[in-house]
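Residue numbers (the numbering used here): 2 to 115.
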């Protein structure tokens, strides 16, 4: 996903694709504030899913409230919002199965007719 306004000021090794879902009934403003030389802020509507790239050390602040005030409701580590590590985990499981020989025994199984 392209960060058009504020490019990420760090290398690809420390970045992660993240996903946050606003499961509340309120409009929220989310910010990553602890990364120097980078500003990330977005409005997230109720039920909306926000996908973004961020440093895994980042902290996503969740703000809600009215026009006159803002309440910090939560702070979530970007490493907990990662979605790209799921694919890596699935790949590791598949390679472990192939290495142990379990995948070949699974493919040789025949259906039982009854």
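For each residue, glycine too, the CB sits at the ideal point set by N, CA and C.
(message) Which residue marks the beginning of the beta strand (DSSP E) containing residue 41, and which one marks its end?
(response) 41 to 45
(request) Out of 34, 62, 68 and 14, point me to the one whose CA is closest to residue 23's CA. (result) 62
(request) Return the chain-ordered list of same chain residues with a C-beta closer than 7 Å to the C-beta of residue 44, the five sequence neighbours on each side being excluded. (result) 28 and 30
(request) Let me know the secondary structure DSSP gives residue 15 once reduced to three states. (result) helix
(message) One question on the structure: do residue 46 and residue 32 come within less than 8 Å of each other, judged by their Cβ atoms?
(response) no
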